[in-house]
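*Asks:*
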Amino acid sequence: MYQILTDSCCDVPYTLLEENNVDFISMYVTIEGNEIADDLGRNFKIDDFYQKIKEGAMPTTSQVNVGRYVEFFRSYAEKNVPILYICFSSGMSGSYQSALQAVEILKEDLPDAEVYIVDSLAASGGEGLMVYEAAQKQQAGMSLKDLYNWLEENKLTYHHWVTVDDLHHLQRGGRISRTSAAIGGLMNIKPIITVDVAGKLQNVEKIRGRKKALQLVADKISAATTDPENQTIFITTSADQTGAEEVKRHLEESIHPKEIKIFPLGTTISSHTGLGCIAVFTRGNKRT
C-alpha cells in the first residue's frame with residue numbers, strides 16, 4: 001500500500017484526511033510575533049485566528065523548506081512505503097520546487113525510495129478536493145502509478161471561483177493599492193478571482209454588491225461542473241458561514257450536485273484573503 005500525502009493548504013479538516021488515511025505537512029503562519037502551525041484544526045483554533053485578523057493583525061506565511069520535506073518523506077521511505085505527495089500550486093508558492101529538491105536529497109541516502117510529486121496547480125479546497133478524490137481512487141484499488149498518471153491528466157479539471165470581501169486587508173497586504181481599496185469600498189466592489197492553467201490567481205471581474213458576487217461565483221461553478229449528480233463540491237470560507245450557505249443553496253437549486261461540503265478557510269490562505277472570503281471548487285472540463 002502506498003501513502004498519499006498533502007499539505008495544509010488543502011484547507012480540509014484534519015479529521016477528513018485521517019478518515020481517508022492521508023497525512024499532511026503544515027505550512028507556518030506568523031501572527032503578532034508568534035509562529036503557528038497551520039494544522040487544519042488539530043490543535044490551533046481557526047476562530048481565534050479569524051478574531052485576530054478582525055482586530056487588525058496582518059499575518060505572514062512561509063512555505064515548507066527543503067529540510068522539513070526531507071524528514072516528512074523520510075518517515076515513510078525508511079519503512080519502504082511508496083509516497084504520492086499532492087502539493088500546493090507552484091503558481092502560488094515555491095513549495096513544489098522545495099519538494100522536488102527534497103526527493104533528490106532523500107534518494108542520496110535511500111536510492112530506492114519511491115516518491116511521486118504532483119504539482120496540483122490548485123489551492124485551498126481545489127487542492128483538497130483533488131486529495132479527497134485521490135484517496136477515494138486509492139480505496140477503490142487504483143495503483144500508485146495509475147493514480148499519479150490520472151492526477152497529472154486531470155488536475156486542470158479542478159475549478160476555483162472565489163470572491164473576497166475585505167479590500168482593506170488586501171491593501172494592507174500590498175495586493176492592491178490604497179486608492180483601489182478606498183474606491184472599491186465606497187462602490188461596494190467585490191473582486192471575482194479564479195485559478196488559471198499555470199496555477200496562478202487571476203482577477204476576472206469586479207462586481208458591485210456581495211449578493212451579486214456570490215451569485216456570480218455560484219453561476220461560474222454551475223457552468224464549470226460536469227456530471228453534477230455524481231460530483232462533490234467544496235466551499236471554503238473565512239468567517240462567512242451565511243454567505244457559504246447561500247452559495248450552497250444556489251448550487252443545490254441550479255445543478256443538484258451529489259454533495260456540497262463547507263469548511264473553514266485555513267490560516268495560510270486566509271492570511272492573504274482576510275475575512276469574508278468565499279471560495280468554491282468543482283470538477284469539470286479542463287481549464288483553458
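So in UniProt numbering the end of the sequence shown lands on 288, straight run, no missing numbers. All C-beta atoms, glycine included, are put in the ideal place defined by N, C-alpha and C. Since the model is a prediction, treat every value here as computed from it, not as a measurement.
#1: Going along the chain, which residues of its own chain have a beta-carbon closer than 7 Å to the beta-carbon of H250, five neighbours each way excluded?
#2: Roughly how many angstroms lie between the CA atoms of P228 and P257, to the nearest whole one?
#3: If you drop the 5 nearest sequence neighbours on each side, which residues of the same chain put their C-beta closer than 6 Å to that of P191?
#4: In whole angstroms, what separates the C-alpha of L144 from that of Y2?
#5: Can you check whether the CB of V197 is closer than 7 Å to the CB of L151?
#6: Taking a contact to mean a Cβ-Cβ separation below 7 Å, would you say S62 touches Y28 in this structure?
#7: Can you have a look at Q138 and say buried or exposed, based on whether 16 or more other CB atoms are within 10 angstroms of its CB?
#8: What three-state label does DSSP hand residue 340 in the structure shown?
#9: Considering only the beta carbon of each residue, do K45 and I31 sit closer than 7 Å?
#10: Per DSSP, what kind of secondary structure is Y69 in: helix, strand or coil?
#11: Measure the CB-CB distance between G199 and D11 and report whether it falls below 7 Å.
#12: Would you report the Cα separation of V70 and T268, rounded to the nearest angstrom?
#13: Could you tell me whether the Cβ atoms of A244 and I235 are closer together than 7 Å?
#14: Can you look up G284 in the DSSP assignment and give me helix, strand or coil?
#15: For residue 323 versus D112, is the C-beta distance shorter than 7 Å?
#16: With a threshold of 7 Å on Cβ separation, who are the neighbours of G284 within its own chain once the five nearest residues in sequence on each side are excluded?
#17: For L16 and G33, I'd like the C-alpha separation in whole angstroms.
#18: Looking only at its chain, what residues have a beta carbon closer than 6 Å to the beta carbon of L110, apart from the 5 residues adjacent to it on each side?
#19: Along the chain, where does the beta strand (DSSP E) that runs through N149 open and close?
#20: Smallest Cα separation from I83: which of R208, N188, I4 and T194?
#21: Going by Cα to Cα distance, which pick from K155, R68, K54 and W161 is closest to A37?
#22: Out of curiosity, what's the CA-to-CA distance linking E104 and Q231?
#23: Would you mind sorting K54 into buried or exposed? The rule is 16 or more other CB atoms within 10 Å of its CB.
#24: In the DSSP assignment, find the alpha helix (DSSP H) that holds T242 and state where it starts and stops.
#25: Taking V195 as the reference, which of H272, L121 and D23 has the closest Cα?
#26: If you measure between the beta carbons of residue 304 and I189, is that distance less than 7 Å?
#27: From D146 to K286, what distance separates their C-alpha atoms?
#28: Using only CA atoms, which one of T288, N21 and K248 lies nearest to F281?
#29: DSSP state of residue 290, grouped into three classes?
#30: Using a Cβ cut-off of 7 Å (strictly closer), state whether P264 contacts chain D.
*Replies:* With the structure as the only source:
#1: Counting only residues of its own chain and dropping the five nearest sequence neighbours on each side, H250 has a CB closer than 7 Å to the CB of Q215 and A218.
#2: Approximately 5 Å, taken between the alpha carbons.
#3: Counting only Cβ-Cβ distances below 6 Å, and skipping sequence neighbours, we find V164, N203 and K206.
#4: Roughly 7 Å between the two C-alpha positions.
#5: In this structure, L151 keeps its C-beta atom at 7 Å or more from the C-beta atom of V197.
#6: The beta carbons of S62 and Y28 sit closer together than 7 Å.
#7: Only buried fits Q138, as 16 or more other CB atoms lie within 10 angstroms of its CB.
#8: The question about residue 340 has no answer here: the residues shown for the chain are numbered 1 through 288.
#9: No, they are not a contact pair.
#10: Y69: helix per DSSP, three-state reduction.
#11: With respect to the 7 Å criterion, G199 and D11 are not classified as neighbours on the basis of their beta carbons.
#12: So the alpha carbons of these two residues sit roughly 21 Å apart.
#13: Against a cut-off of 7 Å, the Cβ pair of I235 and A244 comes out as a contact.
#14: In the three-state DSSP reduction, G284 falls in the strand class (E or B).
#15: Examination of residue 323 is not possible in this model, given that the chain is present from 1 through 288 alone.
#16: Leaving aside the five residues that flank G284 on each side, the residues in its chain whose CB is nearer than 7 Å to its CB run, in chain order, T157, H159, A224, T225 and T226.
#17: Here the alpha carbons of G33 and L16 stand approximately 30 Å from one another.
#18: Hits under 6 Å: A77.
#19: Not the beta strand (DSSP E): N149 falls in the alpha helix (DSSP H), residues L144 to N154.
#20: Put simply, of R208, N188, I4 and T194 the residue whose alpha carbon is nearest the alpha carbon of I83 is I4.
#21: When each option's Cα is compared against that of A37, the closest is R68.
#22: Those two C-alpha atoms are separated by around 37 Å.
#23: By the neighbour-count definition (other C-beta atoms within 10 Å, threshold 16), K54 is an exposed residue.
#24: Note, T242: alpha helix (DSSP H), Q241 to S254.
#25: That would be L121, whose Cα lies nearest to the Cα of V195.
#26: The structure shown does not extend to residue 304, since the chain is modelled only from 1 through 288, so no value can be given for it.
#27: Straight-line Cα distance between these residues: approximately 19 Å.
#28: It is K248.
#29: Because the chain in this structure spans residues 1 to 288, residue 290 falls outside the shown range and cannot be described.
#30: The chain inventory of the structure shown lacks chain D, comprising one protein chain alone.
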